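*Asks:*
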Amino acid sequence: MSNQELTRLSITALRDLLHRREASALEIARAHLERIEALDDTTVRSLLTVTRAHAEQQAQKADERIKAGEDSPLLGVPMILKDVMITNGIRTTAGSKILEHFTPIEDGTITRRLAEAGTVLLGKANMDEFAMGSSTENSAYWPTRNPWDLDRVPGGSSGGSAAAVGAEFAPFSLGTDTGGSIRQPAALCGVVGLKPTYGRVSRYGLIAFASSLDQIGPFTRTVEDTAIVLSAIAGHDKCDSTSLNASVPNYADELHKEPSLKGMRLALPREYFGVEGMEPAVDASIKQAIGELERLGATFEEVSLPHTQYGLATYYLIAPAECSANLARYDGVKYSSSVREPGANLWDVYEKTRGQCFGREVKRRIILGTYALSSGYYDAYYLKAQKVRTLIKRDFDQVFERFDAVVTPTSPNAAFELGAKTQDPLAMYLNDLFTIPTSLAGLPGISVPAGLANGLPVGLQIIGRALDESTVLRVAHAYEQATEWHNQRSRVAQL
Amino acid sequence: MSAYEAVIGLECHVQLATASKMFCGCPTDYAGAAPNTHVCPICFGMPGVLPVMNRTAIEYTLLTGLALNADIPEATKFDRKNYPYPDLVKGYQISQYDMPLVKGGSLEITVGDGPPRTIGLERVHLEEDTGKLTHVAGGSLVDFNRSGVPLMEMVSQPDLRTPAEARAYLQKLRAILRTLGVSGADMEKGQLRCDVNVSLRPVGETKLGTKVEVKNLNSFRAVFHSLEFEIARQTELLDKGERIQQETRGWIEDRGVTVTQRTKEEAHDYRYFPEPDLPPLFVERAWLAELRACLPELPDARAARYMRSFGLGAYDAEALCIDLVEADLFEATVAAGADAKKAANWIQNDVHRLRAESPDDGHVDARHLAELIGLLDSGKIGTSAARQVLPEIFRTGKSPSALVEELGLAQVSDTSELASAVRSALDANPTAVADYRAGKATAINFLKGQVMKATRGKANPQVVEDLLRHHLAS
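Quick note, the sequences are listed as chains A and B, same order. Residues 8 to 502 in our numbering are what the first sequence lists, from first letter to last. Residues 70 to 543 in our numbering are what the second sequence lists, from first letter to last.
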């Protein structure tokens with residue numbers, strides 16, 4: 008099988024191949040590495056670090072395990088991690104200059120679980136600095152581009168992870184989602200992206216942006232692949248006190264149990280439709296998708312999530328507040344980059360290091376968060392935001408008393424041009440309008456490809472009850488199987 | 070001039086004696102270890118790490134709350150206290166802000182023969198210790214061995230009025246913590262650290278004056294003397310009609326003064342907010358009941374028992390129970406057959422002094438102390454000989470009878486043995502003899518002292534006195 012053919016394959020297809028010994032893990036890893044080395048620099052620029060030697064080692068180990076008769080879903084499957092997940096001995100930058108020379112001395116829980124599952128790490132993906140952004144233009148290294156149109160952004164903050172899967176550099180990657188950072192780039196790059204329930208996947212080893220919102224999740228090209236990866240990464244971790252102690256189903260098996268959507272009650276929140284800034288072509292694709300779901304047996308009803316309008320404001324108080332503390336450790340004294348000029352005192356080192364090594368958006372959010380937590384402002388901002396967060400969560404709780412899932416567009420717009428929104432933070436923040444409320448409520452949400460708007464991918468978001476990823480996956484899978492959108496390939500994928 | 074009353078509150082930081090740190094598995098036995106050898110990515114605050122609560126540290130804090138008869142709310146949580154400093158790895162300290170593990174509580178103190186006073190506590194909360202900075206020529210070094218050690222902060226009400234009360238409060242606190250076994254509570258080792266808040270107000274005034282915080286107090290002495298100094302300093306300012314500045318001052322041990330460290334304007338805004346990496350903690354009542362059942366006999370109860378069972382006075386009982394080692398020694402000595410009051414006396418005076426003088430908190434075996442008291446009771450040795458033997462027991466660990474033998478200190482009661490010493494004393498001191506005969510009865514004490522001296526304290530004083538009277542009367 009040619010390299011070109013190998014890199015097109017899904018996790019499920021690669022597993023069959025490996026199981027039948029028609030390709031080795033090493034061959035598969037090398038096919039992907041060669042594709043990355045040939046294309047990434049000149050096209051999407053999705054990876055900050057390519058870990059060839061490490062990948063070859065892991066692939067050889069996987070081949071030995073396969074030879075010994077082991078058969079598990081991810082054994083020998085290559086993948087890419089967002090560069091915010093720490094990797095033992097492999098530089099981890101979080102997209103920031105301040106961690107330019109930081110090499111972790113341990114793996115995070117998910118990195119370790121994936122290694123144990125036999126995956127092969129190909130590289131670390133570009134991202135908005137400390138996961139703050141919606142276009143990957145806030146990377147301190149370079150912007151990543153959209154595999155469908157290199158003049159456009161891939162979304163963010165997990166833009167590198169999304170673009171890499173869309174460019175067929177790996178069958179899956181992991182990203183992180185704080186306010187939409189998996190779902191929005193998945194939509195913009197035409198791939199599947201899932202944000203699990205808060206607490207479903209361990210955060211140990213994930214460099215924190217906003218601890219009460221951050222969640223790791225997969226990018227894949229099929230819903231079934233997402234189900235496979237989720238089963239491998241979900242589950243309690245004693246090193247993360249916020250991880251949930253709930254059993255993990257075999258999500259992929261569940262998908263095949265009930266292919267029909269008969270009896271599935273889906274809610275359409277009116278606050279997510281007809282909003283200002285919504286692109287008509289995106290709107291049209293979503294309406295078409297809803298029609299498809301109805302044909303599959305689901306029933307729809309319009310509902311209201313009345314506090315949706317406060318989502319953005321709430322998020323931009325809570326997330327910056329948490330980040331203002333989480334980023335305090337980068338002070339130029341320990342592992343971080345450090346600006347030390349002769350004669351400088353401690354405060355000079357703090358100010359110069361943080362002043363020169365953090366980007367504009369990171370500084371903006373640290374200042375916002377510091378302000379929101381300051382004495383005299385705490386009650387009016389942070390505390391109020393926490394109360395509104397509870398109201399937003401309650402909105403969803405009420406809807407889920409009568410419905411199995413909520414269906415919305417993932418993003419009000421398709422991929423926009425590089426530089427279009429960099430001077431207007433508010434316009435950039437509006438990209439996450441539809442993904443933020445789910446994050447604040449801690450609920451699982453998936454984005455699946457749902458058509459093209461003027462040749463650019465559109466994402467359909469399906470939101471479920473806490474810990475009910477099964478339903479979210481089931482709806483997404485039924486839709487995917489009934490449509491051809493997941494078989495559409497990006498321009499870079501076809502190179 | 071001083072018509073002022075001091076109002077004093079203490080804020081104590083207590084390192085808990087857990088095997089591992091507050092939020093990671095690193096060992097806490099870093100004393101004497103090379104810098105940065107008791108660290109891991111978590112207590113080093115590396116990117117991506119998360120804290121996990123130490124159950125034992127929480128139990129120790131709850132036990133302390135129970136011992137202080139405090140309120141232990143069902144719901145509690147941790148918060149982030151934000152401030153930048155190189156000894157604070159994450160740029161914030163995981164601490165507790167508005168929902169501490171323990172609220173209120175009190176303990177009783179007595180100063181000298183005064184009546185007992187109840188001192189209230191405001192709260193006890195749990196947090197993590199910081200690293201330690203060492204300033205050297207050309208820079209500063211950071212050692213993170215201490216980073217993340219569980220630290221219990223105990224804040225008293227402003228119920229204390231004198232430096233002696235502050236000392237008594239600390240002593241009682243230490244006794245309680247040691248009895249519970251939750252902390253070594255050794256100030257010299259930094260296991261118990263203390264800041265004091267002190268303000269003055271005219272006697273009779275109920276409103277509080279402007280308070281000054283004094284930091285860097287590493288011993289009971291420092292607490293006592295810094296308070297004395299600060300009260301005198303503030304008295305002088307107020308007498309001159311000046312106002313007290315609200316500020317933080319540092320105690321300079323070798324100069325015996327406090328100096329300004331930080332004024333109110335420079336006070337931190339710690340921007341507390343709930344720690345998102347740790348879920349709220351619910352203290353189930355069943356858990357609390359289990360802990361309550363584990364409470365040992367506390368110092369006050371022990372003192373009451375000493376009064377009841379051993380007939381000690383309140384002062385003696387209290388003084389013994391404030392020091393766990395001495396209280397244990399007392400009970401063991403009584404168990405070994407010694408008279409309780411005599412044992413209490415020996416321990417509070419001679420043993421206490423010897424322990425204070427010996428660098429390694431020296432030790433005497435209870436059986437030896439009981440034996441010593443027995444030798445004294447039976448007249449085998451005299452008081453002065455016993456006082457010579459005790460330090461030797463401390464030094465050598467040998468038994469009293471062996472030491473009495475070795476040092477030749479057995480008491481001499483045989484009149485024939487003592488007769489020559491008595492005769493020499495009379496011959497050498499004709500003036501005293503004349504004085505006595507002229508009616509000055511106390512002159513006999515001088516002569517007795519001469520005989521005791523000549524016999525190196527071994528003579529039985531009663532026998533010597535009888536012999537002297539006999540000779541002087543003839």
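Think of the CB as a built atom: it goes at the ideal place given N, C-alpha and C, for glycine as much as any other residue. Being a predicted model, the structure only gives us computed values, none of them experimental.
Using a Cβ-Cβ cut-off of less than 8 Å, give me the residues of the segment 110-124 of chain B that come near chain A, in sequence order.
*Replies:* Pro110, Phe113, Gly114, Met115, Pro116, Gly117, Val118, Leu119, Pro120, Val121, Met122
*Asks:* Would the beta-carbon of A:Gly224 fall within 8 Å of that of A:Leu437?
*Replies:* no
*Asks:* Can the beta-carbon of A:Thr185 be found closer than 8 Å to that of A:Ala326?
*Replies:* yes
*Asks:* Quick check: what's the CA-CA separation for A:Ala288 versus A:Ala422?
*Replies:* 12 Å
*Asks:* Quick one: does A:Cys246 have its CB under 8 Å from some CB of chain B?
*Replies:* For A:Cys246, the nearest beta carbon of chain B is closer than 8 Å to its own beta carbon.
*Asks:* Listing by chain order, which chain A residues have their CB less than 8 Å from the CB of B:Asp212?
*Replies:* Ordered by position in chain A, no residue passes the 8 Å Cβ test against B:Asp212, which lies about 13 Å from the chain.
*Asks:* Identify the continuous beta strand (DSSP E) that holds B:Asn285 and give its terminal residues.
*Replies:* It spans 281-286 - the beta strand (DSSP E) in which B:Asn285 sits, taken as one unbroken run.
*Asks:* Count the other CB atoms within 10 Å of the CB of B:Met521; is the residue buried (16 or more) or exposed (fewer)?
*Replies:* buried
*Asks:* Using DSSP bridges, identify the partner residues of A:Val455.
*Replies:* A:Leu467
*Asks:* Using a C-beta to C-beta distance shorter than 7 Å, which residues of chain A count as neighbours of B:Arg302?
*Replies:* None at all; the shortest Cβ gap to chain A is about 30 Å.
*Asks:* Is the Cβ of A:Ile214 closer than 8 Å to any Cβ of chain B?
*Replies:* For A:Ile214, the answer is yes, since a Cβ of chain B falls inside 8 Å of its Cβ.
*Asks:* So is B:Ala75 buried or exposed if we call it buried at 16+ other beta carbons inside 10 Å?
*Replies:* buried
*Asks:* Roughly how many angstroms lie between the CA atoms of A:Glu113 and B:Arg436, to the nearest whole one?
*Replies:* 56 Å
*Asks:* May I ask you to report which of helix, strand or coil DSSP gives B:His432?
*Replies:* coil
*Asks:* In three-state DSSP terms, what is B:Met221?
*Replies:* strand
*Asks:* Could one say the Cβ of B:Ser89 lies closer than 8 Å to chain A's Cβ atoms, at least one of them?
*Replies:* no
*Asks:* Are at least three pairs of beta-carbons, each pair with one atom in the segment 21-36 of chain A and one in the segment 89-107 of chain A, less than 8 Å apart?
*Replies:* no
*Asks:* If we cut at 8 Å on Cβ distances, does B:Asp140 have a partner in chain A?
*Replies:* no
*Asks:* Short check: CB of A:Ile239 to CB of A:Ala124, under 8 Å?
*Replies:* Per the sequence shown, residue 239 of chain A should be read as Ala rather than Ile. Closer than 8 Å, so yes.
*Asks:* Taking all protein chains shown into account, decide if B:His194 is buried (16 or more other Cβ within 10 angstroms of its Cβ) or exposed.
*Replies:* buried
*Asks:* Suppose contacts are defined by Cβ-Cβ distances below 8 Å. Is A:Gly182 in contact with A:Ser165 by that definition?
*Replies:* Taking C-beta atoms as the reference points, A:Gly182 and A:Ser165 count as a pair closer than 8 Å.
*Asks:* In angstroms with no decimal places, state the Cα-to-Cα distance between A:Ser248 and A:Leu398.
*Replies:* About 24 Å.
*Asks:* Measure the CB-CB distance between A:Leu268 and A:Leu237 and report whether it falls below 8 Å.
*Replies:* no
*Asks:* Please state whether the Cβ-Cβ distance between A:Pro419 and A:Leu433 is less than 8 Å.
*Replies:* no
*Asks:* Quick one: what's got a C-beta closer than 7 Å to B:Ala72's C-beta in the same chain, skipping five residues either side?
*Replies:* Pro271, Val272
*Asks:* For B:Asn151, return the contacting residues in chain A, with the cut-off set at a CB-CB distance below 8 Å.
*Replies:* Ser331, Ala332, Ala335, Leu380
*Asks:* If you draw a straight line from the alpha carbon of B:Phe92 to that of B:Trp356, how long is it in whole angstroms?
*Replies:* 21 Å
*Asks:* I'd like to know whether the C-beta atoms of B:Arg456 and B:Asp419 end up nearer to each other than 8 Å.
*Replies:* yes
*Asks:* I want to see whether chain B comes within less than 8 Å of A:Gly115, judged by CB atoms only; does it?
*Replies:* Chain B, which has a Cβ nearer than 8 Å to the Cβ of A:Gly115, makes this yes.
*Asks:* Can you list, in chain order, the residues of its chain with a C-beta nearer than 6 Å to that of B:Tyr375? Leave out the 5 residues immediately preceding and following it.
*Replies:* The answer, listed in chain order, is Leu381, Ala386.
*Asks:* Hey, how far is the Cα of A:Lys400 from the Cα of B:Lys276?
*Replies:* 47 Å
*Asks:* For a quick check, are the C-beta atoms of A:Glu41 and A:Met8 less than 8 Å apart?
*Replies:* no
*Asks:* Taking the straight line between their C-alpha atoms, what separation do you get for A:Asp244 and B:Asp338?
*Replies:* 34 Å
*Asks:* If we ignore side chains and look at the alpha-carbon of each, how far apart do B:Glu344 and B:Val121 end up?
*Replies:* Cα to Cα, the separation comes out at about 12 Å.
*Asks:* Tell me whether B:Thr97 is buried or exposed, calling it buried when 16 or more other Cβ atoms sit within 10 Å of its Cβ.
*Replies:* buried
*Asks:* Assuming A:Lys202 is part of the beta strand (DSSP E), what are its boundary residues?
*Replies:* 199-202
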